[in-house]
Amino acid sequence: MNLNQIQEKIKDSRLFRKRRLQSRIPLEFPMVLNVELTNRCTENCIWCPRDSMDRTQGFMEVTLFKKIIDEASLYPKLRKLFVHWMGEPLLHPDFLECIKYASSKKVAEMILIATNGVLLTEKIMKGLIETKVDELYISIDAASSGRYEQLKHTKHFENIKHNIEHAVALKKQLKVKLPFIRVKFLETDLNADQIEAFKQQWRKNADSVFIEKDLSIWDGKSQKVNANIKGMKSYLKNYGELESRYPCDRIWYLLAVQWNGKVSPCVCDWNGENAVGDSNIQTLREIWYGNELKNYRYHHVNHAYDRLPLCDACDRWGTRHMGDWLMKHKEKALSVPDGR
Ligand SMILES: C[S@@+](CC[C@H](N)C(=O)[O-])C[C@H]1O[C@@H](n2cnc3c(N)ncnc32)[C@H](O)[C@@H]1O
Ligand code: SF4
Ligand code: SF4
Numbered sequence: 095m096n097l098n099q100i101q102e103k104i105k106d107s108r109l110f111r112k113r114r115l116q117s118r119i120p121l122e123f124p125m126v127l128n129v130e131l132t133n134r135c136t137e138n139c140i141w142c143p144r145d146s147m148d149r150t151q152g153f154m155e156v157t158l159f160k161k162i163i164d165e166a167s168l169y170p171k172l173r174k175l176f177v178h179w180m181g182e183p184l185l186h187p188d189f190l191e192c193i194k195y196a197s198s199k200k201v202a203e204m205i206l207i208a209t210n211g212v213l214l215t216e217k218i219m220k221g222l223i224e225t226k227v228d229e230l231y232i233s234i235d236a237a238s239s240g241r242y243e244q245l246k247h248t249k250h251f252e253n254i255k256h257n258i259e260h261a262v263a264l265k266k267q268l269k270v271k272l273p274f275i276r277v278k279f280l281e282t283d284l285n286a287d288q289i290e291a292f293k294q295q296w297r298k299n300a301d302s303v304f305i306e307k308d309l310s311i312w313d314g315k316s317q318k319v320n321a322n323i324k325g326m327k328s329y330l331k332n333y334g335e336l337e338s339r340y341p342c343d344r345i346w347y348l349l350a351v352q353w354n355g356k357v358s359p360c361v362c363d364w365n366g367e368n369a370v371g372d373s374n375i376q377t378l379r380e381i382w383y384g385n386e387l388k389n390y391r392y393h394h395v396n397h398a399y400d401r402l403p404l405c406d407a408c409d410r411w412g413t414r415h416m417g418d419w420l421m422k423h424k425e426k427a428l429s430v431p432d433g434r
């Protein structure tokens, strides 16, 4: 690990994140943005609600993407810009143009992209190298073709392996450090036995191997995800015995923009039913302190979660760690910067 990576690791530690957020609330602008270039995908993972969406599928207009970036660049740097949400970002026909724009505007401390790797061609990888994107998460989740097919319902495993090996070789050949390539494995009851094999496969062939242990049910409203996940030990170990509920800090630092510009209060809004604004006709700043998002924060600190259809059945608050602080500093948590 080099010095920069060590610094980033410290910044991502729970304590550091908590302290930073506490010292900055009320935030002038979100610290993290998820921008969904598309909600289409090449795969059909058993844990992902994407294919049960009612919302239309499409691609974000480049002009809208640039508008979002232009606005974000007016505020203190985002801690993280995730150029994905639901769907596969590399499907976007102007993917590289969007990434290059965000990077040229130096809008975030880190630009991160999660991809399933199916479309990680040499052209895309060269573009990402040129742009010095910080991190590429590649969600592989299996160590064999058969298991991959069982989990994602396609035969893309070998293709993805080949793409990643090629991407790593290209970085070596060009002697570059970025993008940092993190291969990702979401642990479930159906693949936990392949974790060691996965680590072996990638230990020497990727910059980092990430075993994700937070298997979730999103907002709890996808029948498919509930049916596939809720009975799993990998889910129950995090969410099986939650104690009494406390406010969830996500709505104090994050916004998620759907491909069509509608803005959701949280990434758990996979079906986009809980938009709190529209970035086509409003600024994100207006939305960030608009009445709808203020209501979210108000109901959270008053434990009125049943007033919020998105949060009501969600249990991902259970992995957040600022509930006590938010309760103790209600006034601050509900305030607006400089009375604006
Ligand atoms: C929704 S995908 C979008 C980007 C891209 N298609 C991919 O798979 O990386 C982003 C991440 O969400 C993760 N994910 C999807 N469903 C999940 C669940 N039920 N629990 C935890 N993580 C999940 C995926 O493993 C992936 O790494
Ligand atoms: S997790 Fe990613 S690859 Fe899998 S279906 Fe969802 S969006 Fe597609
Ligand atoms: S409670 Fe769930 S849906 Fe609501 S903000 Fe937190 S993570 Fe998102």
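Residue numbers (this note's numbering): 95 to 434.
Backbone N, C-alpha and C define an ideal beta-carbon position, used for all residues, glycine too.
Which term fits residue i, buried or exposed, when burial requires 16 or more other beta carbons within 10 angstroms of its beta carbon?
| i | result |
| --- | --- |
| residue 247 | exposed |
| residue 99 | exposed |
| residue 325 | exposed |
| residue 186 | buried |
| residue 292 | buried |
| residue 178 | buried |
| residue 108 | exposed |
| residue 398 | exposed |
| residue 173 | buried |
| residue 344 | buried |
| residue 380 | exposed |
| residue 237 | buried |
| residue 215 | exposed |
| residue 198 | exposed |
| residue 166 | buried |
| residue 274 | buried |
| residue 157 | exposed |
| residue 240 | exposed |
| residue 358 | buried |
| residue 89 | This structure does not reach residue 89, given that the chain is present from 95 up to 434, and the question cannot be answered. |
| residue 145 | exposed |
Helix, strand or coil: which one does DSSP assign to residue i?
| i | result |
| --- | --- |
| residue 417 | helix |
| residue 402 | coil |
| residue 207 | strand |
| residue 165 | helix |
| residue 432 | helix |
| residue 427 | helix |
| residue 156 | helix |
| residue 233 | strand |
| residue 287 | helix |
| residue 381 | helix |
| residue 292 | helix |
| residue 325 | coil |
| residue 349 | strand |
| residue 127 | strand |
| residue 215 | coil |
| residue 369 | coil |
| residue 197 | helix |
| residue 246 | helix |
| residue 120 | coil |
| residue 393 | helix |
| residue 318 | helix |
| residue 226 | coil |
| residue 340 | coil |
| residue 309 | coil |
| residue 374 | coil |
Are any of the Cβ atoms in chain C nearer than 8 Å to that of residue i?
| i | result |
| --- | --- |
| residue 332 | Included in the structure is just one protein chain, with no chain C present. |
Could you check whether residue j and residue i sit closer than 8 Å to each other, using their CB atoms as the reference points?
| i | j | result |
| --- | --- | --- |
| residue 314 | residue 408 | yes |
| residue 202 | residue 171 | yes |
| residue 242 | residue 206 | no |
| residue 120 | residue 331 | no |
| residue 373 | residue 163 | no |
| residue 439 | residue 305 | Past the edges of the chain, shown from 95 to 434, lies residue 439, and the structure says nothing about it. |
| residue 350 | residue 128 | yes |
| residue 280 | residue 140 | no |
| residue 264 | residue 223 | yes |
| residue 336 | residue 412 | yes |
| residue 153 | residue 353 | yes |
| residue 340 | residue 418 | yes |
| residue 431 | residue 122 | yes |
| residue 360 | residue 420 | no |
| residue 149 | residue 366 | yes |
From which residue to which residue does the alpha helix (DSSP H) around residue i run?
| i | result |
| --- | --- |
| residue 410 | Residue 410 -> no alpha helix (DSSP H), and no H or E assigned at all. |
| residue 176 | Looking at the DSSP string, residue 176 is not in any alpha helix (DSSP H); the run it does join, the beta strand (DSSP E), is 172 to 176. |
| residue 186 | Segment: none, residue 186 is in no alpha helix (DSSP H) and carries neither H nor E. |
| residue 252 | 251 to 268 |
Tell me where the beta strand (DSSP E) around residue i begins and ends.
| i | result |
| --- | --- |
| residue 306 | 302 to 306 |
| residue 276 | 274 to 280 |
To which residues does DSSP link residue i through a beta bridge?
| i | result |
| --- | --- |
| residue 132 | 153 |
| residue 358 | 350 |
| residue 202 | 172 |
Please determine whether the Cβ atom of residue i lies at a distance below 7 Å from any heavy atom of ligand 5.
| i | result |
| --- | --- |
| residue 175 | You won't find ligand 5 in this model; what it holds is ligand 1, ligand 2 and ligand 3. |
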